[in-house]
Amino acid sequence: MNVYCRTLRLLTSLRLLPIVVALTLLIGCSTNVTVNGDYPSALVARQPLSVGLVLDNSFSSYRFTSEKDNRQPVTMALGESQVQLFNRVFTDMFQSSATLKTLPTGQNTLDLMIVPEITEVQLATPMETQLNVYEVWLKYNLKVYDGNGQPVADWMMSAYGKTQSRFLKSDEEALNQATVMALRDAGARLLTGFQQIPEIRQWLANREAPAKLSQRTER
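With my numbering as the guide, the letters of the sequence shown map in order to residues 2 to 220.
If you want it as structure tokens, here you go:
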């Protein structure tokens, strides 16, 4: 965002401009970000499972646009970055992870198939926080199927992030940082929460039961 837009936003926050005039002038002051971040590997024990991560076009090309009347237009291209995050997390979590475009039909060699969908994005801008800080909330729905395509779990997951520094040079940098922090939070919640989903725990228990019974029989 240029100096003109920053100054205009400051004058508005200090009530030095009539709100109608300010909103009219702010029309040309939009924030556009292609989210770009780094998502390090997690040091976790991999589950001995083969999973398919279904990332369709709506997920990989997801773009969020906010045009509320009381703030400047904001557009975030989230698709590529959330694909990067989910691929990283599921590669860390499972012994084998394959990325798919569509949910396979019929029986296959996969143990589980996971279909994530981003269902909601909420945003607080500097005009609302009165600081050069963005806050981002993300909500995902993860549908989990077994290798035969039968539903196993339907899990809602929320994540949050905010700009870590108030002194970044641009709104684009501040928004990108907040969104990356929200995606990292989503990754952490996946790592710690996925296997705690009651339906997943039950599925894992049912899967392990025959092996334990066989071991007892051999004894």
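In this text, a Cβ means the ideal position worked out from N, Cα and C, and glycines have one as well. Computed from a prediction, not measured in an experiment: that's the story for all the values here.
query, result
"Whole-angstrom distance between residue 168 and residue 109, CA atom to CA atom", "51 Å"
"Between the CA atoms of residue 56 and residue 36 - distance to the nearest angstrom", "17 Å"
"Residue 118 and residue 133 closer than 8 Å at C-beta", "no"
"Where residue 160 falls, given that 16 or more other Cβ within 10 Å makes a residue buried", "buried"
"Alpha-carbon to alpha-carbon, residue 96 and residue 77", "33 Å"
"Reduced DSSP category for residue 201 - H, G, I as helix; E, B as strand; rest coil", "helix"
"Three-state secondary structure assigned by DSSP to residue 168", "coil"
"Rounded C-alpha distance that separates residue 173 from residue 165", "13 Å"
"CB of residue 75 within 8 Å of CB of residue 130, strictly", "no"
"CA nearest to the CA of residue 81, picked from 148, 146, 200, 40", "40"
"4 or more residues per run - each alpha helix (DSSP H) lying fully within the segment 52-78", "58-61"
"Minimum Cβ-Cβ distance from residue 165 to chain C less than 8 Å", "In the displayed structure, chain C is absent; only one protein chain is listed."
"Residues near residue 61 in its chain [Cβ-Cβ closer than 6 Å; skip 5 each side]", "80, 84"
"Exposed unless 16 or more other CB atoms sit within 10 angstroms - verdict on residue 199", "exposed"
"Residues bridged to residue 98 (per DSSP)", "52"
"Coarse secondary structure for residue 151, derived from DSSP in three states", "coil"
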